[in-house]
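**Q** Got a structure for you, written out below as structure tokens; questions coming shortly.
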Amino acid sequence: MYLGRTGALATLSRRHPGHPFASIMPYGLDGEGRPLLLISSMAMHTQNLQADPRASLLVAQPGVTGDPLAAGRVTLMGEARPVPAGEAATVRATYLASHETAAYWADFGDFAFWRLDVADVYFVGGFAAMGWVDAAEYRAARPDPLADAAAGVLEHMNRDHPDALLAYARCFAGVEAEEATMAAVDRLGFKLRLRQGRRRWSVRIPFPREVTSAPATREVLIEMLCQARGVDTSEPPA
């Protein structure tokens, strides 16, 4: 949610009662992870919410170029309501920090800020990795310290060190693969997408210790590759 900017909003149709109605929806996040929406009263999704506030917002892992079903995504379920006037200025600043161009229409008379109060969360981390997340735990969670650096780490490792990724899979997951791609990284470890012939699967490899910065991530990846040198002689990542 922290890394994303746009999701798919599902509301309940007024025109066809009981049917879901999906819309592309830019969003911001407040301090509790509640999505902030800037929507027009003329929009069909707004009219749906005015009749029934129940909604879901689906957000997919940004930047994924491979199989979308192997990537992470999350669905937030809850009720969306207009932001009270006393909170509008704070919400406006928070939203525009993520969507600067929206400042042009944010003050139009038909636009207003809404907020999705999260009642439940369903997370999918890829194939065979899914489950419900308690709403209170979601609200208390904070962005991973590597969230802003993760894209750079992934790009560097996939572009410059494919042999190292194969070594990690061999040494720390005990599997042989023809191809490995680092699909995600966080403070506790990383996820590899692997291919061997026609078979494709994913493995999660934990770091030996928690890391909280890009330099610390580089350091621990070098240590892990040195440990794996018994099965691979690739140079450590630079």
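One rule links them: number in the working numbering = place in the sequence shown (from 1) + 27. Positions of the beta carbon are idealized from the N, C-alpha and C atoms, including for glycine. These figures come from a predicted structure and were not determined experimentally.
Under the assumption that residue 101 contacts residue 148 (Cβ atoms under 8 Å), give the Cβ distance between them as a whole number of angstroms.
**A** With 8 Å as the limit, residue 101 and residue 148 qualify as a contact, their Cβ atoms being about 6 Å apart.
**Q** At the level of alpha carbons, what is the spacing between residue 11 and residue 127?
**A** One cannot answer for residue 11 here, as it falls past the ends of the chain, which runs 28 to 265.
**Q** Return yes when the Cβ of residue 142 is within less than 8 Å of the Cβ of residue 63, no when it is not.
**A** Taking 8 Å as the Cβ cut-off, residue 63 and residue 142 qualify as a contacting pair.
**Q** Under the assumption that residue 207 contacts residue 218 (Cβ atoms under 8 Å), give the Cβ distance between them as a whole number of angstroms.
**A** In fact, because the Cβ distance is near 11 Å, the residues do not count as touching under 8 Å.
**Q** Does the beta-carbon of residue 51 have 16 or more other beta-carbons within 10 angstroms, so that it is buried, or is it exposed?
**A** Exposed, by the Cβ-count rule.
**Q** What whole-angstrom Cβ distance do residue 230 and residue 202 have, given they're in contact under 8 Å?
**A** About 7 Å separates the two Cβ atoms, so the contact holds.
**Q** If you count every other CB in all the chains shown that lies within 10 Å of the CB of residue 72, and 16 or more means buried, which is it?
**A** It is buried - the Cβ of residue 72 has at least 16 other Cβ atoms within 10 Å.
**Q** Which residues bound the beta strand (DSSP E) around residue 199?
**A** Not the beta strand (DSSP E): residue 199 falls in the alpha helix (DSSP H), residues 189-199.
**Q** Considering only residues of the same chain and omitting the five flanking positions on each side of residue 216, which have a CB-CB separation below 7 Å?
**A** Only 231, 232, 233, 234 meet the Cβ criterion.
**Q** What does a CB cutoff of less than 7 Å around residue 133 pick up in its chain, not counting 5 residues either side in sequence?
**A** Cβ within range, chain order: 65, 119, 123.
**Q** Relative to the alpha-carbon of residue 37, which residue among 67, 30, 79 has its alpha-carbon at the smallest distance?
**A** Answer by Cα proximity: 79.
**Q** Per DSSP, which one or two residues make a beta bridge with residue 216?
**A** In DSSP, residue 216 forms a bridge with 213, 233.
**Q** Going straight from the alpha carbon of residue 95 to that of residue 85, what length do you get?
**A** Going from the Cα of residue 95 to the Cα of residue 85 covers about 13 Å.
**Q** Compute the distance between the beta-carbons of residue 195 and residue 251, then report whether it is under 8 Å.
**A** Yes. Within cutoff.
**Q** Return the chain-ordered ranges of every alpha helix (DSSP H) run that is complete within the segment 89-142 and spans a minimum of 4 residues.
**A** The segment 89-142 contains these whole alpha helix (DSSP H) runs: 115-125.
**Q** Going by the beta-carbon positions, is the gap between residue 238 and residue 173 smaller than 8 Å?
**A** In this structure, residue 173 lies closer than 8 Å to residue 238 by Cβ.
**Q** For residue 248, does the three-state DSSP call read helix, strand or coil?
**A** Helix at residue 248.
**Q** Entirely within the segment 140-171 and at least 4 residues each: give me those alpha helix (DSSP H) ranges in chain order.
**A** List check, alpha helix (DSSP H) in window: 162-167.
**Q** Compute the Euclidean distance between the alpha carbons of residue 33 and residue 46, then round it to the nearest angstrom.
**A** Residue 33 and residue 46: Cα-Cα distance of roughly 22 Å.
**Q** Measure the alpha-carbon distance for residue 88 versus residue 30 and round it to whole angstroms.
**A** Residue 88 and residue 30: Cα-Cα distance of roughly 8 Å.
**Q** Could you have a look at residue 63 and say whether DSSP puts it in helix, strand or coil?
**A** Strand at residue 63.
**Q** Expressed to the nearest angstrom, what Euclidean distance is found between the alpha-carbon atoms of residue 156 and residue 97?
**A** Approximately 10 Å between the Cα atoms of the pair.
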